[in-house]
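Quick notes on the structure that follows.
Numbering (the numbering used here), first residue to last: 8 to 67.
If you want it as structure tokens, here you go:
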């Protein structure tokens with residue numbers, strides 16, 4: 008695996024994980040349940056994307 012691909016996966020994983028954490032931190036108790044569930048869904052998708060970047064693409 009090339010060094011650029013390794014760096015892209017590492018940075019992408021970090022970026023999506025940090026974005027997911029930012030979304031979770033912005034959830035407040037005074038928001039309604041729909042907004043809270045929407046933010047939770049977005050954070051979950053960002054974390055899934057970060058984990059997907061860590062999986063190996065070389066399954067040939």
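Ideal Cβ positions, reconstructed from N, Cα and C, are used throughout, including at glycine.
Express the C-alpha separation of residue j and residue i in angstroms, rounding to a whole number.
i: residue 62; j: residue 17; result: 11 Å
i: residue 44; j: residue 23; result: 19 Å
i: residue 56; j: residue 21; result: 11 Å
i: residue 11; j: residue 19; result: 12 Å
i: residue 9; j: residue 60; result: 15 Å
What's the call for residue i, buried or exposed, on a 16-neighbour Cβ count within 10 Å?
i: residue 58; result: exposed
i: residue 41; result: exposed
Taking the alpha-carbon of residue i as reference, which of the options has the nearest alpha-carbon?
i: residue 49; options: 14, 39, 41 and 27; result: 27
i: residue 54; options: 39, 30, 14 and 10; result: 30
Since residue i contacts residue j with CB under 8 Å, what's their CB separation in whole angstroms?
i: residue 46; j: residue 33; result: 7 Å
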